[in-house]
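*Asks:*
There are 2 protein chains.
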Amino acid sequence: MKEDKEITIYDIARRLNISAATVSRSLKEHQSISTATRKKVHAMAKEMGYRTNSFARNLRTQQTNTLGLVVPRLNSYVVSSIIAGIENIASEYGYNIIISQSLGSAKKETSNINMMFDSRVDGLLVSLAYNAKNMDKFKMFFDKNIPVVFFDRGCEDPRSLNVVIDNYQNAYDITRHLAEQGCRRIMHITGDLSTNIYEDRCRGYKAALQDSGLSFNDDLLLVNDLTEKAGVEAGNHILQMTNKPDGVFAANDNCAAYCLQTLKEAGVKIPKEIAFAGFNNDPVSRIIEPNLTTVNYPCHEMGEVAAKCLIDHLSGTRTVHNANTIILRSEIIARASSLRN
Amino acid sequence: MKEDKEITIYDIARRLNISAATVSRSLKEHQSISTATRKKVHAMAKEMGYRTNSFARNLRTQQTNTLGLVVPRLNSYVVSSIIAGIENIASEYGYNIIISQSLGSAKKETSNINMMFDSRVDGLLVSLAYNAKNMDKFKMFFDKNIPVVFFDRGCEDPRSLNVVIDNYQNAYDITRHLAEQGCRRIMHITGDLSTNIYEDRCRGYKAALQDSGLSFNDDLLLVNDLTEKAGVEAGNHILQMTNKPDGVFAANDNCAAYCLQTLKEAGVKIPKEIAFAGFNNDPVSRIIEPNLTTVNYPCHEMGEVAAKCLIDHLSGTRTVHNANTIILRSEIIARASSLRN
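Residue numbers (UniProt numbering), protein chains in the order written: chain A, 1 to 341; chain B, 1 to 341.
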C-alpha cells in the first residue's frame, strides 16, 4: 500500500549537493554545521518526507522510546484521567504510549502483556484487572530488567514500584464518618474482592465498624460490578430488605449515584433515612442530589507520578526498586448526601 | 539498563540441538514441522525470553502494525469511549495503538502528528482540536499513502475518510424540540466556533430557530470552553440577564448539567421557566434532576467503525477514499429537563 522508496540522508545530500555526513550532522543539530545549512537540510528533509530511521536506531540502541500501558478498561473516569496524566509526562520526555485494555478477561490481559513485550516497550505501566496470583506473566520483563510500574491497583512484587492511594485508610475514614453521622447499619457495596483495591476498602470498612462499636453483618456486604446498572439493582435490593441499612458506602461514585437515585425515586429520604458515600470524586458526585460524599482520587497526578518514575528509571535518575510504594494524598470530601445536621 | 543479550533463534536451536531453520519454521507454525517439535520450540522460546524480532521484520515489510491516535483530550467521556471502541477492534486485528493529546495547543497537535509519522504508524486516526485551515500537516502521510481517518470532527480533504454524526441535524432537531415545547427565546451555549462540530451544531440551531418562526439574537449565543466551570458561569450569566432565555441548548451535557444546577439552586424552575437540552448522553445527563434531554452519541461504535475502516484499508479490503464520509446514527433522547407537559 505504501510507496516503496524510503527517503535517506543520501537522497537529501544529492538534492542539496552536500555530503551525507553534513546532512546527518545537520539533522542531529551538530554545532559544527552552520545554522543556515542546518535550516536548509531540515527544510529539504521535510519537503522530501524524510523520516528519522527510528527502527535502525532502535536495533542499535535497543530502545524504542515507547511505554506500554495495560489497564482493565479505557473508558472509566479514573482510568481516562490517569492516562491523561501519563500522556502529559510521556510526551514531555519524548516517549510514545501504547495502550491496551483487558475488559475483565484474564486471557486478554495476558495477551496484552505479551504484546507489549514483543513490541519491545522500554517500560510498562500496569493496572491489573484482578490480583495476580503470581507474577509469572511479568517474568520476561523482570528477566530483561524492563521496569514495571503498577498504579491504582498495586502488586506486592519487590521488583516493581506501586503508585497508589491508601484505600484502606480512605474506606476507614469514610465509614467512620457515616458512623459519626449516626448510622448504625452501614452497607458496603463493592467490586470483586479478589482485586486488592476492593479488598483494602472492605478491610477499612470492617475495621471502622469495629472501632465504632458496630458489628459487621454479611447481609450488609453487597458485591457487584459497580456499574450504573449494578447501582440501580442495589437500590432495588435495598428497597426489598426488611431490615434496611441507614448508611451506604459504595466503592465508586457511579454505582453510589444510581443506587441513591433509585432509592430517592422510591421516596427514601437521603441522608435522613439512608446516608450515602461513594469513592473517586467523579463528576456525577457533584451533580447527584444531594451531592455525594466521596474520596478525592488524585487520578491525573497518579498518571504523572507513575510515568515520571518509569522515565526517571529509564534515564538512570532513580530506580523503581528503591521505593516499593508511593502513596498519593487523598481525602474525604463530606457533602450533603451524608451530613445529617 | 537492559541486558545486552537478545535471544535469537540460534540460541534456541543450540539448546534444543536442532537446526535454526527448524526453530524458525516452528515459530511460524510451518506445517512441515511436527506438532511435538513446534510445541517444544515454543516452550523453549518462552522460557528463554525470545522476542519476535519485529524491528527487523518491520524494516523488511515496512509495516509496524501500529495505528496512531491524535485527539484533543484523553479524559473526556466522548473521547475515552471512542478510544475503548478503537482498542476493541485494533487488538482483535493485532494492531497496537499509540495515543497522544493536544490539550488545545495547535503546536502540540502538530508535534504529535509529526511524532506519529516518525514512529512509522501504518495509519492514523485523528480528531482535530480545531479546524485545520489546510491539510499541510498531513501532507507527509498522504505523500506516502499512509491512510488517515478522521472521527468525531471530520475534515473536508478528499484523501481521507470521515466517521462522524450529523451534528447539524441533531442540533436542528433538539432546537425544534425546545421550540415545540413552547420555548421562544432559546439560548445556545457552545465551544469554539472555528471547530466544525460546534459550527455545525450552531448552524442547525439557527436553522431550527428560523423554521420555528423565531429570530436569532446575538445575546442568546454564548461561547465558552464547555467545562464544568463554564457551565456554572453560564448559569450565573443567565441569572443576571434582564431578558432571560426560556430554553437552553448546550453543546455538551457536562456544561448543560452544571448550568442547570446553578439556575436551579437560584430558584429557577426547570423545565417550566427554562427548558434544557445537552449533547452526548454522558452519564451526568441521567443523574442531573430533572434528567437531561440530550443527543445519544454513539461513541463506542464510532471508535469501532473508524478503526475497522482503517484496518480494512491496510489489509486491502477497502480503501478510505471510496466513501468520504460515514455518518453514524444518532438521535434525540427527550427527558424531563425539556418536557413541559
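For glycine and all other residues, C-beta sits at the position ideal for the given N, C-alpha and C.
(1) Determine the DSSP secondary structure at residue 247 of chain A, reduced to helix, strand or coil.
(2) By the criterion of Cβ-Cβ separation under 7 Å, what are the contact partners of residue 284 of chain A in chain B?
(3) Using DSSP with H/G/I as helix, E/B as strand and the rest coil, what is residue 4 of chain B?
(4) Please decide whether residue 1 of chain A counts as near chain B, where near means a Cβ-Cβ distance under 9 Å.
(5) Put residue 188 of chain A into one of helix, strand or coil per three-state DSSP.
(6) List, in order along the chain, the chain B residues whose C-beta lies closer than 8 Å to that of residue 272 of chain A?
(7) Which stretch, first to last residue, makes up the beta strand (DSSP E) that contains residue 151 of chain B?
(8) Taking 8 Å as the threshold, find out whether the region 153 to 163 of chain B comes into contact with the region 271 to 287 of chain B through three or more Cβ pairs.
(9) How many whole angstroms separate the CB atoms of residue 223 of chain A and residue 190 of chain A, which I take to be in contact at a CB cut-off of 8 Å?
(10) Could you please tell me which residues of the region 236 to 254 of chain A, in chain order, have their CB closer than 8 Å to any CB of chain B?
(11) Using C-beta distances below 6 Å, list every residue in its chain close to residue 318 of chain A, excluding the 5 sequence neighbours before and after it, in chain order.
(12) Given residue 23 of chain B, which residues of its chain have a CB within under 7 Å of its CB, disregarding the five upstream and five downstream residues?
(13) Quick check on the DSSP output: the alpha helix (DSSP H) that includes residue 209 of chain A runs from which residue to which?
(14) Can you tell me whether DSSP reads residue 101 of chain A as helix, strand or coil?
(15) Identify every run of the alpha helix (DSSP H) within the region 105 to 177 of chain B, keeping only runs that are complete inside it and at least 4 residues long; order them along the chain.
(16) Determine, using beta-carbon pairs with one atom in the region 248 to 267 of chain A and one in the region 255 to 264 of chain B, whether at least three such pairs fall under 8 Å.
(17) Run the CB neighbour count on residue 304 of chain A, radius 10 Å, all protein chains shown included, and call it buried at 16 or more, exposed below.
(18) Can you list the residues of chain B that residue 117 of chain A reaches, using a CB-CB cut of under 7 Å?
(19) Going along the region 131 to 155 of chain B in order, which residues come within less than 7 Å of chain A, judged by CB to CB distance?
(20) Please work out which residues of its chain come closer than 6 Å, Cβ to Cβ, to residue 127 of chain A, disregarding the five sequence neighbours upstream and downstream, and give them in chain order.
(21) My assumption, with CB atoms under 8 Å, is that residue 248 of chain A sits in contact with residue 174 of chain A. Please give the rounded CB distance.
(22) Relative to chain D, which residues along the region 69 to 80 of chain B have a C-beta separation below 9 Å, given in chain order?
(23) Between residue 96 of chain B and residue 74 of chain B, is the Cβ-Cβ spacing less than 9 Å?
(24) In terms of residues, what are the limits of the beta strand (DSSP E) holding residue 67 of chain A?
(25) In whole angstroms, what separates the C-alpha of residue 336 of chain A from that of residue 180 of chain A?
(26) Is it buried or exposed, residue 252 of chain B, if we count other Cβ atoms within 10 angstroms and call 16 or more buried?
(27) On the three-state DSSP scale, how would you describe residue 306 of chain B?
(28) Classify residue 31 of chain A: buried if its beta carbon has 16 or more other beta carbons within 10 angstroms, exposed otherwise.
(29) Quick one: what's got a C-beta closer than 7 Å to residue 230 of chain A's C-beta in the same chain, skipping five residues either side?
(30) Ordered along the chain, which non-local residues of its own chain (more than five positions away) have a Cβ less than 8 Å from that of residue 49 of chain A?
(31) Taking Cβ to Cβ, would you say residue 328 of chain A is nearer than 9 Å to residue 79 of chain A?
(32) Do residue 244 of chain A and residue 273 of chain A come within 9 Å of each other at the CB atom, strictly closer than that value?
(33) Applying the 10 Å Cβ sphere with the 16-neighbour rule, what's the burial state of residue 36 of chain B?
(34) Grab me the residues of residue 3 of chain B's own chain with a C-beta within less than 7 Å of its C-beta, minus the 5 sequence neighbours each way, in chain order.
(35) State buried or exposed for residue 359 of chain B, treating a residue as buried only when at least 16 other CB atoms are found within 10 Å of its CB.
(36) Closer than 9 Å, Cβ to any Cβ of chain A: which residues of the region 95 to 111 of chain B, in chain order?
*Replies:* With the structure as the only source:
(1) strand
(2) 283, 284 and 287
(3) A caution first: residue 4 of chain B carries a pLDDT of 49, below 50, which makes its placement in the model unreliable, though a value can still be read off. Correct three-state label for residue 4 of chain B: coil.
(4) Confidence is the limiting factor: at residue 1 of chain A the pLDDT is only 37, short of 50, which leaves the residue's position unreliable and the question unanswerable from this model.
(5) Residue 188 of chain A carries a strand assignment under DSSP once its states are collapsed to helix, strand and coil.
(6) Neighbours of residue 272 of chain A on chain B: none; closest Cβ ~18 Å, over 8 Å.
(7) 148 to 151
(8) As far as the Cβ criterion goes, the region 153 to 163 of chain B does not touch the region 271 to 287 of chain B, which means the pair count is below three.
(9) 6 Å
(10) 254
(11) 312
(12) 9, 12, 13 and 41
(13) 196 to 211
(14) strand
(15) 106 to 118 and 139 to 143
(16) no
(17) Buried, since its Cβ has 16 or more Cβ neighbours within 10 Å.
(18) The contacting residues are 51.
(19) 140, 143, 144, 145 and 146
(20) 71, 151, 152 and 153
(21) Actually they are not in contact, since the Cβ atoms of residue 248 of chain A and residue 174 of chain A sit about 11 Å apart, beyond 8 Å.
(22) The question asks about chain D, but that chain is absent: this structure's protein chains are A and B.
(23) Result no, Cβ atoms of residue 96 of chain B and residue 74 of chain B do not sit closer than 9 Å.
(24) 66 to 71
(25) 14 Å
(26) buried
(27) helix
(28) exposed
(29) 224 and 255
(30) 7
(31) no
(32) yes
(33) By the Cβ-count criterion, residue 36 of chain B is exposed, with fewer than 16 other Cβ atoms from all chains shown falling within 10 Å of its own Cβ.
(34) Bear in mind that a pLDDT of 45 at residue 3 of chain B, under 50, signals an unreliable position, so the number given afterwards is only what the model happens to contain. Correct list: empty, nothing qualifies.
(35) Only positions 1 to 341 of chain B appear in this structure, which leaves residue 359 of chain B out of reach.
(36) Cβ contacts with chain A: 96, 97, 98, 99, 100, 101, 103, 108 and 111.
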